[in-house]
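J.: As they're listed, the protein sequences go chains A and B. Using our numbering, the first residue of the first sequence is number 1, and each one after it goes up by one. Using our numbering, the first residue of the second sequence is number 1001, and each one after it goes up by one.
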Amino acid sequence: MDLIGESTQLTPQRKRVDGATVNKRFNKAIKDNGGASTVYRDAVDAETDELFDCSVNDLYQATGGKKGHRETLPQAAQEAYIVNESVAANELERQIGSLGGETQEEVNSKIGGSVRQTSNQTRKWLPW
Amino acid sequence: MKMQDLKQATYRAWESVSRYNRAVVQPENFQREVKARFGDRRCKATWVKALAYFEAQASYDACLDAYMLVLHTFNFTPERWDYEYRHEILDAFLMMPEGLELIRAGLEQLFSSDFTQEERAEANGFFELVEERGGESGRERLPVGLDRRINAAHTAA
């Protein structure tokens, strides 16, 4: 492509965003903050607790979903996760390098705290 | 891992299980539960069994997406604190009623169009773990079909 604009502009390679895309960005933001091992399950537990007031097992059981298959949860629950993980990822990306923590356990704990705080705010926008 | 560190790691896993199940964490019950379920607390083997069990249980309880088991939870790499006990942890998970089914679901999700080949390759620690089990006698192997699929993916990656 030259600067004068003689050639055709290429369409950027993008695709429609879905829950999996958002969840991957959320997990990447956790990793980019130095999170490792148990931080992922702690983050999932924290967001589920704040958004739905229950555990992951309870959510699957109460809604008749199939454990491990997020796509079997009610649409409203899936949307809540998408919204929350998107916002939590924004916040975590903003916090890269500033969360602190000396040990891996401390770093994980700071990340878990950030996710919980965001999820607590997200909950205020949900109808239940 | 030293005995003291092993006990601490076991306590953390036990505490996670309590938390994930919305149970009130009562530290005084920890030692009692380890003894009742796993035996002599003076033996290191008892603590390894307890750690594996509570890690597996915590991994199950907080599992929202099965693919996270393959991509993170059991994607053991040498720098991880739990690398030394990777086989024991996976063994304990496979002993759980839905353990194998969840691993299978995780692989199916990872091999769906939601993930790129590059993203699948990040689960290398899990694929290596499965390969190691192929050569060890006495270890429960994953079903053959699953093994082949993993190996094929591993080679491609």
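Glycine included, each C-beta is placed from N, C-alpha and C at the ideal position. Bear in mind the structure is a predicted one, so any value in this text is a computation, not a measurement.
Rounded to the nearest angstrom, what separates MET1 (chain A) and GLN9 (chain A) at their Cα positions?
T.: For the purposes of this step, residue 1 (chain A) is taken as the residue at position 1 of the first sequence. For the purposes of this step, residue 9 (chain A) is taken as the residue at position 9 of the first sequence. In this predicted model, MET1 (chain A) has a pLDDT of only 49, less than 50, meaning its place in the structure is not dependable; the value taken from the coordinates is given anyway. Between MET1 (chain A) and GLN9 (chain A), the C-alpha separation is close to 8 Å.
J.: Given ALA1162 (chain B), which residues of its chain have a CB within under 8 Å of its CB, disregarding the five upstream and five downstream residues?
T.: Nothing in the structure corresponds to residue 1162 (chain B), since chain B is present only between 1001 and 1157.
J.: List the residues of chain A that ASN1021 (chain B) touches, going by C-beta distances under 7 Å, in chain order.
T.: The count along the second sequence starts at 1 and reaches residue 1021 (chain B) at position 21. Within chain A, the residues near ASN1021 (chain B) are SER55.
J.: Please state whether DSSP places VAL1130 (chain B) in a helix, a strand or coil.
T.: Locating residue 1130 (chain B) in the second sequence gives position 130, where the first residue counts as 1. Here VAL1130 (chain B) sits in helix by DSSP.
J.: Using 9 Å as the threshold, is the C-beta distance between VAL39 (chain A) and ASN120 (chain A) below it?
T.: Reading the first sequence from its first residue, position 39 is the one you call residue 39 (chain A). Reading the first sequence from its first residue, position 120 is the one you call residue 120 (chain A). Taking 9 Å as the Cβ cut-off, VAL39 (chain A) and ASN120 (chain A) do not qualify as a contacting pair.
J.: Between LEU51 (chain A) and ARG123 (chain A), how many whole angstroms is the CB-CB distance? I'm expecting something under 8 Å.
T.: Within the first sequence, the letter at position 51 stands for residue 51 (chain A). Within the first sequence, the letter at position 123 stands for residue 123 (chain A). About 6 Å separates the two Cβ atoms, so the contact holds.
J.: Identify, in the order they occur along the chain, each residue of the same chain with its Cβ nearer than 8 Å to the Cβ of VAL1144 (chain B), setting aside the five sequence neighbours on each side.
T.: Taking the first residue of the second sequence as 1, we reach residue 1144 (chain B) at position 144. In this prediction, VAL1144 (chain B) has a pLDDT of 44, which is less than 50 and means its spatial position is unreliable; what the coordinates show is noted afterwards. Contacts found: none.
J.: Select from the region 23–34 of chain A all residues with a C-beta closer than 8 Å to any C-beta belonging to chain B, and list them in chain order.
T.: Going along the region 23–34 of chain A in chain order, one finds ASN23, LYS24, ASN27 with a Cβ nearer than 8 Å to chain B.
J.: Can you tell me whether THR130 (chain A) is buried or exposed, with buried defined as 16 or more other CB within 10 angstroms of its CB?
T.: Only positions 1 to 128 of chain A appear in the structure, and residue 130 (chain A) is not among them; the question remains open.
J.: When you compare the CB positions of ASN1021 (chain B) and ASP1061 (chain B), do they come within less than 9 Å of one another, or not?
T.: Residue 1021 (chain B) sits at position 21 when you count from the first residue of the second sequence. Residue 1061 (chain B) sits at position 61 when you count from the first residue of the second sequence. In contact: ASN1021 (chain B) and ASP1061 (chain B) (Cβ atoms closer than 9 Å).
J.: Using three-state DSSP, classify ASP49 (chain A) as helix, strand or coil.
T.: The residue you call residue 49 (chain A) lines up with position 49 of the first sequence. Residue state, collapsed to three classes: helix.
J.: Taking 8 Å as the cut-off, does the region 1023–1037 of chain B touch the region 21–39 of chain A (at least 3 CB pairs, one atom from each stretch)?
T.: Because the criterion of three Cβ pairs below 8 Å is not met, the region 21–39 of chain A and the region 1023–1037 of chain B do not touch.
J.: Please say whether SER1018 (chain B) and GLN1026 (chain B) have beta carbons closer to each other than 9 Å?
T.: If you number the second sequence from 1, residue 1026 (chain B) lands on position 26. If you number the second sequence from 1, residue 1018 (chain B) lands on position 18. Result yes, Cβ atoms of GLN1026 (chain B) and SER1018 (chain B) sit closer than 9 Å.
J.: Please name the residue, chosen from A:ALA80, A:GLY34, A:ARG41, that lies closest to VAL22 (chain A) on a Cα-to-Cα basis.
T.: Indexing the first sequence from 1 puts residue 22 (chain A) at position 22. Ranking A:ALA80, A:GLY34, A:ARG41 by Cα distance to VAL22 (chain A) puts A:ALA80 first.
J.: Would you kindly work out how many angstroms separate the C-alpha atoms of SER86 (chain A) and ASN57 (chain A), rounded to a whole number?
T.: Residue mapping note: residue 86 (chain A) aligns to position 86 of the first sequence, counting from 1. Residue mapping note: residue 57 (chain A) aligns to position 57 of the first sequence, counting from 1. In a straight line, the C-alpha of SER86 (chain A) is about 23 Å away from that of ASN57 (chain A).
J.: For GLN104 (chain A), decide whether its Cβ has a neighbour in chain B, counting only Cβ atoms nearer than 9 Å.
T.: What you label residue 104 (chain A) is simply residue 104 of the first sequence in a count that begins at 1. By this cut-off, GLN104 (chain A) is an interface position.
J.: Can you find a heavy atom of the ligand GDP that lies under 8 Å from the Cβ of ASN1075 (chain B)?
T.: The ligand content of the structure shown is nil, which means the ligand GDP is not present either.
J.: In this structure, how does DSSP classify LYS110 (chain A) when only helix, strand and coil are distinguished?
T.: Here the question's residue 110 (chain A) lines up with position 110 in the first sequence. The answer is helix: DSSP assigns LYS110 (chain A) an H, G or I state.
J.: Is DSSP giving TRP128 (chain A) helix, strand or coil here?
T.: Position 128 of the first sequence, counted from the start, is the residue given in the question as residue 128 (chain A). Note: TRP128 (chain A) maps to coil in three-state DSSP.
J.: Could you work out which residue in B:ALA1023, B:GLU1098, B:PHE1076, B:GLN1004 is closest to ARG1042 (chain B) when comparing CA atoms only?
T.: Counting from one through the second sequence, the residue named residue 1042 (chain B) turns up at place 42. Comparing Cα-Cα distances from ARG1042 (chain B) to each of B:ALA1023, B:GLU1098, B:PHE1076, B:GLN1004, the minimum goes to B:GLN1004.
J.: For the region 54–92 of chain A, list the alpha helix (DSSP H) runs that are entirely contained and at least 4 residues long, ordered along the chain.
T.: Complete alpha helix (DSSP H) runs here, min 4: 56–63.
J.: Please report how far the alpha carbon of GLY35 (chain A) lies from the alpha carbon of LEU1069 (chain B), in whole angstroms.
T.: Taking the first sequence and counting its residues from 1, the one referred to as residue 35 (chain A) is at position 35. Taking the second sequence and counting its residues from 1, the one referred to as residue 1069 (chain B) is at position 69. If I take the Cα positions, the gap works out to 16 Å.
J.: Go ahead and pull the three-state DSSP assignment for SER1059 (chain B).
T.: Mapped onto the second sequence, residue 1059 (chain B) falls at position 59. Residue state, collapsed to three classes: helix.
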